[in-house]
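Here the sequence shown is numbered in the numbering used here, starting from 15 and rising by one per residue.
Positions of the beta carbon are idealized from the N, C-alpha and C atoms, including for glycine.
The structure appears below as structure tokens.
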Amino acid sequence: MLSILLIDRNPDDAKLIRTLLKRAGGLLSGQSHFELTSTTGFEQGLFQAASKKFAAILLDLETADGDFARIEELYVQSPHTPILVLASVDGQAAVHQALQNGAQEYIVKNSLDAANLGTLIQHAIARQHAIQGLIDGRQHLEDVLSNVAEAMISVNAEQKIILFNKVAEQIFGYSADEVLGKSLDLLLPHRFITAHQNHVRVFGQEDVKERRMAHRREIYGQRKDGTEFPVAAGISKFDRQGQTVFTAIVEDITERQRHEANRALLATIVETTDDAILSKDLDGIIQSWNRGAEKLYGYSANEIIGKPINIHLPPDRPHEVKQILERIKRGERVEHFETVRIKKNGDPVDVSLTVSPVFDQETRIVGASSIEHDITERKEFEAKLQRQLRRMMALREIDRAITASFDVHVTLNVFLDQITTELNVDAAAVLLINPYSRMLEYAVSRGFRRDTILRSQLRIGEGYAGRVALERKMINVPDLPNTPDIPGQLRSFVDEGFKSYFGAPLIAKGQCKGVLEVFNRESITPKAEWLDFLQMLAGQAAIAIDSASLFNELQKSNAELMLAYDTTLEGWSHALDLRDRETEGHTQRVTEKTMQLVRVLGIRDEELVHIRRGALLHDIGKMGIPDSILLKPSSLNDNEWKIMRQHPIYAYEMLSPIDYLRSALDIPYCHHEKWDGQGYPRGLKGEQIPLSARAFAVVDVWDALRSDRPYRAGWSKDLVWEHIRSETGKHFDPHVVSVFEGIASNGNG
15 MLSILLIDRN PDDAKLIRTL LKRAGGLLSG QSHFELTSTT GFEQGLFQAA
65 SKKFAAILLD LETADGDFAR IEELYVQSPH TPILVLASVD GQAAVHQALQ
115 NGAQEYIVKN SLDAANLGTL IQHAIARQHA IQGLIDGRQH LEDVLSNVAE
165 AMISVNAEQK IILFNKVAEQ IFGYSADEVL GKSLDLLLPH RFITAHQNHV
215 RVFGQEDVKE RRMAHRREIY GQRKDGTEFP VAAGISKFDR QGQTVFTAIV
265 EDITERQRHE ANRALLATIV ETTDDAILSK DLDGIIQSWN RGAEKLYGYS
315 ANEIIGKPIN IHLPPDRPHE VKQILERIKR GERVEHFETV RIKKNGDPVD
365 VSLTVSPVFD QETRIVGASS IEHDITERKE FEAKLQRQLR RMMALREIDR
415 AITASFDVHV TLNVFLDQIT TELNVDAAAV LLINPYSRML EYAVSRGFRR
465 DTILRSQLRI GEGYAGRVAL ERKMINVPDL PNTPDIPGQL RSFVDEGFKS
515 YFGAPLIAKG QCKGVLEVFN RESITPKAEW LDFLQMLAGQ AAIAIDSASL
565 FNELQKSNAE LMLAYDTTLE GWSHALDLRD RETEGHTQRV TEKTMQLVRV
615 LGIRDEELVH IRRGALLHDI GKMGIPDSIL LKPSSLNDNE WKIMRQHPIY
665 AYEMLSPIDY LRSALDIPYC HHEKWDGQGY PRGLKGEQIP LSARAFAVVD
715 VWDALRSDRP YRAGWSKDLV WEHIRSETGK HFDPHVVSVF EGIASNGNG
């Protein structure tokens, strides 16, 4: 049963159509009957066309208000259904316009009969199926052409483009609309057009109707932006209905050529590099071996390909390759692995390996490639740097020993520790020149089995050490046992098993201070670097010896100078006592008692020497007081007291310019200041007065009152303490008095 939709507002016409379709179903043998659905309005017809699938649609043009554009509306709603237009008038223009807007048939109503109508509907349906088949076939062809991986371009005999698929659009940059109907020359660089035309002419003149795809040629194409690029093109020829068609399969080979160029470059690099580049399978069998490997290891490719990689491994590394290959099998990359390999001649060589997995086309790991770089020079350089660093540290240790101790034996022991370690010698010794006897004497040593030789002395010029000191240059004896003129003093060195000897002079400030000797129990041929370091160490030892000598001499001079200073100060203090008619030993007594007191008061040890000097010079300012005032037997008047009270200021003026005595000023300048601020010369109060001056004030009064004077007898102990207590808090610091009283109660007062 074929479903037919009729859109006709005239009920009589609709009735006629229904009758005709019923008759047509009986007239058409083998055909199904027609089932008619009719509507009287165009909008209703649109709704029906969209809601249900019909085999054909009959549209009365008057129902569409004579508007041919409405046919297109109906076609949009049901694009796969044939539309037959029913009209009351005939005319070529009307037929053309109806067909242009989507109708398949134009039927004049007054010419209809059952057979004619049935046949027209059947033909329209068949034609629609055929058209749809063509559309589907074309779409299928377009889908195929769009999904092939290569560009497909077809041209006719005039070289006009008639087919241009999606891939062609992608690689040439043109859309199909831009090139269809255009000359193929559009896609070719200008310099290739003539050659291509000649090729096509020869190809087209071959007397065959069909020719399958020819061998692909590598030529150049030109993109829309004018850039050229390499392509591989295969051309086929077909004759269809008298028309010759050429079809080309075109492949953009830019990346392929780049890869090929890269492979060629890589092959060149592999063969010309100095690094060894080799490959092996997962069993460790060597598969490739470049010239760098031949140069590095000494094996030719013919000698080693097919051999196990273990052929050039050191015996002490049997599992190294296995461990590396296990990592490769896990897909890991081994980078900058430093190891040792053995050359063909048996020599070891330090190398750095970078090993990477090798994959096949299915990305399976099938082997390993290795880049192996000779790092012998770098290793030697690193070892040299390490030696230099250790030697710098050794020199630093020696410098530290020189600055930390002025005991030459302590410094030289550190020095020999560094020598035996850094120069890798078996024994070493330092001989010093005795400045009085001018003999070389052994000072320190390392590595000797017996000490008998170390108790010996050598004259300058005697033996190897004596020659070194005399000639002031290094001596090397490379083979002690076979030296015919070996000095008798060195026979014991041969007995110790020493075979080589080096002696270096220890020279500082142009003077030879001694000799450094080093010994080895094996013969050695040292490099210049070793000898330079030996001489450098000898220079350091000479500096240490000279510094220790200078320090000892300086200490001795300082001690003598300090003794002279202190003796001078004691002489000054005695002279002051005599001039001031103090009792015998007053200054010495108050100095010692003040020192005892300030120690208990907690004054730091480094200040005690200055307090002692200040106590000795406490009345140095009285040298500026006239004898008429200083020695006056009776009481002083106000003017005389004013002059007398200037003596602390005179003391300050006398002592402050002297650096040596500036730190001793507190007592001479401040010992007449009082706790309550009523003292002189500055009226200092309380703790403004230096502690040493407060302590001295108590001791000075205590000793003065207890001592006999020409003008009075000394006071009793009880009377002295009664006076001191009465002045506590006024003249004296209460805390100082309390501490001094404690000292006195212990039998010292």
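For residue i, count neighbouring Cβ atoms within 10 angstroms of its own Cβ and tell me buried if that reaches 16, exposed if not.
i: Ser514; result: buried
i: Ser189; result: exposed
i: Glu531; result: buried
i: Lys223; result: Note that Lys223 has pLDDT 46, beneath the 50 cutoff, so the model's placement of it is unreliable and no number is given.
i: Leu75; result: buried
i: Phe746; result: buried
i: Arg270; result: exposed
i: Leu35; result: buried
i: Ile145; result: exposed
i: Asp22; result: buried
i: Arg452; result: exposed
i: Val751; result: buried
i: Thr241; result: exposed
i: Lys744; result: exposed
i: Phe373; result: exposed
i: His632; result: buried
i: Ala307; result: buried
i: Ala262; result: buried
i: Met227; result: Legend: pLDDT at Met227 = 46, less than 50; position of this residue unreliable, value from coordinates given subsequently. Flag for Met227 reads exposed.
i: Thr33; result: exposed
i: Ser43; result: Annotation note: pLDDT 49 at Ser43 (below 50); position unreliable, no value reported.
With a Cβ-Cβ cutoff of 8 angstroms, do residue i and residue j count as a contact?
i: Ala522; j: Gln549; result: no
i: Gly39; j: Glu86; result: no
i: Glu444; j: Leu426; result: Position check: residue 444 holds Val in this sequence, whereas Glu was assumed. Yes; because the gap between Cβ atoms is below 8 angstroms, this pair is in contact.
i: Ile389; j: Val354; result: no
i: Val604; j: Val753; result: no
i: Leu194; j: Ile167; result: no
i: Leu202; j: Gly235; result: yes
i: Val259; j: Ala182; result: no
i: Ile643; j: Ile657; result: yes
i: Ala562; j: Val428; result: no
i: Ala629; j: Ile681; result: yes
i: Thr95; j: Ala70; result: yes
i: Glu49; j: Ser92; result: no
i: Leu679; j: Tyr694; result: no
i: Leu72; j: Leu88; result: no
i: Lys646; j: Asp717; result: no
i: Val713; j: Leu611; result: yes
i: Val245; j: Ile233; result: yes
i: Ile185; j: Asp239; result: no
i: Leu403; j: Gln554; result: no
Relative to the ligand HEM, is the shortest distance from any of its heavy atoms to the C-beta of residue i smaller than 7 angstroms?
i: Phe252; result: As for the ligand HEM, it is missing from this structure, which has no ligand bound.
Would you mind giving the Cβ-Cβ distance between residue i and residue j, rounded to the nearest angstrom? I have them listed as a contact below 8 angstroms.
i: Gly638; j: Tyr664; result: 4 angstroms
i: Asn276; j: Ile291; result: Contact doesn't hold; Cβ gap of about 16 angstroms is too wide.
i: Phe512; j: Arg535; result: 6 angstroms
i: Gln62; j: Leu19; result: 6 angstroms
i: Arg460; j: Ala442; result: 5 angstroms
i: Pro371; j: Ile338; result: In fact, because the Cβ distance is near 11 angstroms, the residues do not count as touching under 8 angstroms.
i: Ile559; j: Leu446; result: 7 angstroms
i: Glu172; j: Asp289; result: Not quite, the Cβ-Cβ distance comes to about 59 angstroms (not below 8 angstroms), so this is no contact.
Meets three-Cβ-pair contact criterion under 8 angstroms: the segment 739 to 758 and the segment 616 to 632: no
Using 8 angstroms as the cut-off, can you tell me whether the segment 120 to 131 makes contact with the segment 95 to 102, which would need three or more C-beta pairs spanning the two stretches below that distance? yes
Say whether the segment 471 to 484 touches the segment 535 to 554, bearing in mind that this needs 3 or more beta-carbon pairs closer than 8 angstroms, one atom from each stretch. no
Give a yes or no on contact between the segment 286 to 304 and the segment 379 to 387, applying the rule of three or more CB pairs nearer than 8 angstroms. yes
Hey, is the segment 321 to 330 in contact with the segment 340 to 359, meaning 3+ C-beta pairs nearer than 8 angstroms? yes
Continuous beta strand (DSSP E) assignments of at least 3 residues falling wholly in the segment 279 to 358: 290 to 295, 300 to 303 and 348 to 356
Can you list, in chain order, the stretches of the alpha helix (DSSP H) that have 4 or more residues and sit fully within the segment 465 to 545? 477 to 485 and 505 to 509
Every unbroken alpha helix (DSSP H) inside the segment 154 to 208 [4 residues or more]: 180 to 186 and 190 to 193
Taking only runs of the alpha helix (DSSP H) that begin and end inside the segment 662 to 722, which ones reach a length of at least 4 residues, in chain order? 673 to 676, 680 to 684 and 705 to 720
Where are the beta strand (DSSP E) runs, 3 residues long or more, that stay fully inside the segment 36 to 83, in chain order? 48 to 53 and 70 to 74
Report the start-end ranges of each alpha helix (DSSP H) in the segment 388 to 447 that is 4 residues or longer and not cut off at the edges. 390 to 418 and 422 to 436
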